[in-house]
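Using numbering that gives the first Met the number 0, you'd call the opening residue of the sequence shown number 0 and step up by one each time.
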Amino acid sequence: MAARNLEELKKQYSGASGLDSAKQGPGGPGPGRGRGMHAHGKPKNAKHTMKRLLSYLAIYKIKLIFVLVFMIGSTATSLAGSYMLRPVINNLTDADKTVSERVSYLIMMIAIMLGIYLVGVAFTYMQQRTMLVISQSAIEKIRNDLFDKIQSLPVRFFDNNSTGDVMSRFTNDVDNISMMLDNSVVSLISGTITLIGTLFMMIYTNIWLTMITLVFSPIFILGGSAIGKMSRKYYTSQQEALGAVNGYIEELVSGQKVVKVFNHEHVCVEEFSTLNEDLRNKQIHAQFWGGVMGPIMGNTSQISYSLTAGIGGILCVLRGFDVGGLTIFVNFARHFSMPINTISQQMATIFSALAGAERVFKVLDLDPEPADRENAVSGDNIKGHVILDDVTFGYDPDKTILKNISLYAKPGQKIAFVGSTGAGKTTVTNLLNRFYDIQEGRITIDGVDIRDYKMDDLRRNIAMVLQDTHLFTGTVMDNIRYGRLDATDDEVIAAAKTASAHSFIMRLSDGYNTMIEGDGANLSQGQRQLLNIARAAVSKAPILVLDEATSSVDTRTERHIEHGMDRLMKERTTFVIAHRLSTVRNANAIMVLEHGQIIERGDHDDLLEQKGRYYELYTGKKELD
Ligand SMILES: Nc1ncnc2c1ncn2[C@@H]1O[C@H](COP(=O)(O)OP(=O)(O)OP(=O)(O)O)[C@@H](O)[C@H]1O
Ligand SMILES: [Mg+2]
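Structural data, given as structure tokens:
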């Protein structure tokens with residue numbers, strides 16, 4: 000495989016995809032779609048997003064008022080402290096006072112200044128601390144809201160969005176918001192207060208000099224905002240490049256084995272260095288405009304001070320303006336441009352935080368799973384009569400996957416689905432527990448439409464072993480107990496025995512207390528399946544669905560499981576999906592699915608006799624008649 004070029008790589012790995020719960024196209028996430036960290040584009044509706052973000056702070060109104068008071072306090076003390084220099088310097092140059100008078104006045108003034116500054120430090124401390132508590136509490140709430148939301152989203156969302164895409168909302172986006180709430184908001188407000196306060200002091204000190212300073216300021220303000228714009232632009236492209244590098248690493252680390260199997264290491268190294276080089280270039284630009292040009296601009300504003308000082312000096316000589324006044328004025332003029340610089344520097348952070356917030360809010364605004372209907376039925380005594388009545392369904396309503404499926408399964412029966420890959424077997428099970436809602440027809444359990452049950456009750460009554468096994472971080476015991484949280488240890492062990500998992504668990508280093516990590520990487524594929532079966536076995540659900548549950552288990556163990564499960568299934572309705580047809584031989588009814596339709600049904604012997612599709616699948620022979 001030839002290495003892809005930068006454009007292709009970035010398109011795939013920086014995840015230009017928007018997050019999408021409504022997308023209903025087939026296929027789900029394509030390769031690399033929405034992978035990894037995300038580009039931080041411009042916020043689309045900055046004002047609205049800002050408002051919504053601030054609403055998270057609004058619950059801390061009282062604390063915010065305190066923060067504001069502390070801010071005003073700290074600005075006021077800093078201005079007052081600076082102002083003290085005026086009498087200090089004027090006193091030093093006052094020829095009417097004796098030396099000792101001047102010294103004692105100086106000491107007194109310095110003591111007062113020190114006092115003022117100390118109060119200022121206390122204000123700053125309180126302001127920062129309070130703000131940190133507010134902003135981090137707001138972030139905590141945002142994270143909780145996001146997690147709650149994700150738990151409530153329908154399966155369609157997870158089928159259509161990659162893990163990396165969802166993850167980056169928790170990490171990158173929330174981090175950016177956090178950075179903004181911690182620093183930028185404070186800088187913005189305190190900068191504005193300082194600006195106003197300083198302007199006031201400048202006017203108070205000398206109105207003419209103030210006017211001169213104000214004439215020069217726009218030059219620096221415009222320069223500052225131009226630099227801000229550049230740094231924003233490069234910051235965005237830096238984040239994009241960073242997203243691509245992160246996405247690439249994420250994919251390559253998780254797919255390392257496949258990379259090795261196909262000898263793609265050298266191509267990967269090449270592709271990675273292409274992405275990495277791009278990141279370097281973008282970072283140089285971003286840092287240059289953000290970190291270098293800002294300070295340079297700050298230095299050029301020295302020209303402004305010199306001018307102010309020069310004109311001020313003339314005023315001293317010709318108009319009797321006091322030297323102390325001139326000193327503090329130059330000092331204020333310097334402070335005056337500082338908040339402007341700080342604010343323009345913070346703009347980049349604010350914009351990327353707003354873009355992040357927009358992406359977080361987009362998830363928060365997605366529709367959750369449909370709420371239970373009014374008067375929803377609780378499923379306390381479900382026996383397990385499952386009826387599919389002329390069910391038609393497509394993940395995308397325009398593209399039908401299942402067509403006119405009808406069947407009736409009674410408690411104690413085992414219904415099998417067989418058929419080629421992609422025929423729609425898993426899709427049928429997705430409908431039973433309402434991972435997806437059907438478009439036409441009806442599914443009832445004990446005569447009640449499944450949409451009329453409370454969702455929790457419905458799912459509690461259906462134990463499933465999914466085609467993709469999943470184990471959580473925790474002990475073997477915890478993982479099995481996931482099937483029913485109030486199961487006792489003995490019940491867990493009994494379930495493990497039913498699933499033929501007991502003997503291998505006992506051979507693990509800590510038996511049932513062995514920790515499982517990384518989705519069970521320390522177990523074999525078949526062992527993982529056994530634990531998933533045990534998890535379903537521990538549940539007391541009257542309906543059991545096994546989707547390729549024993550596909551990786553050897554046939555002898557499978558036989559054992561079958562016997563174990565048979566006891567369990569006596570009172571239950573069981574749906575079994577299997578490619579290995581020996582697994583389903585003893586089913587009460589076998590449904591042969593092809594292109595979303597049941598083309599044959601009957602028990603094993605009936606179907607063999609029909610010499611149709613099942614016969615072909617079972618014997619591997621195509622009947623020529
Ligand atoms: N989440 C989804 N979104 C859109 N289309 C999907 C989704 N899941 C499956 N499909 C499509 O539905 C069809 C049936 O898929 P299904 O998973 O039911 O097949 P299956 O019979 O279980 O196959 P296998 O034996 O490989 O497990 C396939 O064409 C598949 O592309
Ligand atoms: Mg399947």
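For glycine and all other residues, C-beta sits at the position ideal for the given N, C-alpha and C.
Taking the CB atoms as reference points, tell me whether LEU387 and ILE404 lie closer together than 9 Å.
For the 9 Å CB-CB criterion, LEU387 and ILE404 form a contact.
C-alpha distance - GLU439 paired with GLU593, whole-angstrom precision
Roughly 19 Å separates the two Cα atoms.
Quick one: give me the first and last residue of the beta strand (DSSP E) that PHE416 is part of.
Taken as a continuous stretch (DSSP letters only), the beta strand (DSSP E) holding PHE416 covers 413 to 418.
Range of the contiguous alpha helix (DSSP H) that encloses GLY222:
Per DSSP, the continuous alpha helix (DSSP H) segment holding GLY222 begins and ends at 206 to 253.
Quick check on the burial criterion: 16 or more other C-beta atoms within 10 angstroms. Buried or exposed for ASN175?
Classification of ASN175: buried, given that the 10 Å Cβ count is 16 or more.
Are any of the Cβ atoms in chain D nearer than 9 Å to that of LEU56?
The question asks about chain D, but that chain is absent: this structure has only one protein chain.
Output yes or no for whether 9 Å exceeds the beta carbon distance between VAL552 and GLY482.
No. Outside cutoff.
Measuring only from the beta carbon, is ALA627 closer than 8 Å to any heavy atom that is part of ligand 1?
Beyond the ends of the chain as shown, which are 0 and 624, falls residue 627; an answer cannot be given.
Skipping 5 residues on each side, what residues in its chain have a beta carbon closer than 6 Å to that of TYR627?
In the structure as shown, the chain begins at 0 and stops at 624. Residue 627 is therefore absent and cannot be evaluated.
Helix, strand or coil at ILE589 according to DSSP, with G and I counted as helix
Here ILE589 sits in strand by DSSP.
So LEU8 and ALA243 are in contact, right, with Cβ under 8 Å, and what is the actual spacing, rounded?
Confirmed, about 6 Å.
Considering ILE109, what are the terminal residues of the alpha helix (DSSP H) in which it resides?
ILE109 -> alpha helix (DSSP H) spans 98 to 151.
Quick one: is VAL268 buried, meaning 16 or more other Cβ sit within 10 Å of its Cβ, or exposed?
Exposed, by the Cβ-count rule.
Entirely within the segment 353 to 432 and at least 4 residues each: give me those alpha helix (DSSP H) ranges in chain order.
Counting whole runs of 4 or more residues, the segment 353 to 432 contains the alpha helix (DSSP H) stretches 424 to 431.
Report the three-state DSSP secondary structure of ILE542 (helix, strand or coil).
Look at ILE542 here: in three-state DSSP terms it is strand.
Run through DSSP, which three-state label would GLN466 get?
DSSP, read as helix, strand or coil, puts GLN466 in coil.
Can you list, in chain order, the residues of its chain whose CB lies under 6 Å from that of ALA586, leaving out five sequence neighbours each side?
Closer than 6 Å at the Cβ level, and outside the excluded window around ALA586, lie LYS413 and ALA415.
When burial is assigned at 16 or more other CB atoms within 10 Å of the CB, is LEU627 buried or exposed?
Not covered by the structure: residue 627. The range shown for the chain is 0 to 624.
Find out if the Cβ-Cβ distance for the pair THR426, TYR394 is shorter than 9 Å.
In this structure, TYR394 lies closer than 9 Å to THR426 by Cβ.
Can you find the residues in the same chain that come closer than 7 Å, C-beta to C-beta, to ARG534, ignoring five residues on each side of it along the sequence?
Taken in chain order, the residues that qualify are ASN478, ILE479, TYR481 and GLY482.
Heavy atoms of ligand 2 versus C-beta positions, residues under 7 Å:
Per the Cβ criterion, the list is LYS424, THR425, GLN466, ASP546, GLU547 and ILE576.
CA-CA distance, LYS610 and ARG372?
Roughly 46 Å between the two C-alpha positions.
Residues near ALA498 by beta carbon distance below 7 Å, same chain, minus five either side
Hits under 7 Å: LEU529, ILE532, ALA533, ALA536, ILE560 and GLY563.
Going by the C-beta, is THR420 closer than 8 Å to any heavy atom of ligand 1?
Yes; taking the cut-off as 8 Å, the Cβ of THR420 has a heavy atom of ligand 1 nearer than that.
Please classify ASN4 as buried or exposed, where buried requires at least 16 other C-beta atoms within 10 Å of its C-beta.
The C-beta of ASN4 has fewer than 16 other C-beta atoms within 10 Å across all chains shown, which makes the residue exposed.
Does the beta-carbon distance from GLU270 to ALA2 come in below 9 Å?
Yes, the Cβ-Cβ distance between GLU270 and ALA2 is below 9 Å.
Under a three-way DSSP split, which group does ASP553 fall into?
Of the three classes helix, strand and coil, the one that applies to ASP553 here is coil, per DSSP.
Beta-bridge partners of ASP448, as assigned by DSSP
Answer is THR443, bridged to ASP448.
Burial state of ARG318, where buried means 16 or more other Cβ atoms lie within 10 Å:
Exposed, because fewer than 16 other Cβ atoms sit within 10 Å of the Cβ of ARG318.
In the DSSP assignment, find the alpha helix (DSSP H) that holds THR273 and state where it starts and stops.
It spans 264 to 286 - the alpha helix (DSSP H) in which THR273 sits, taken as one unbroken run.
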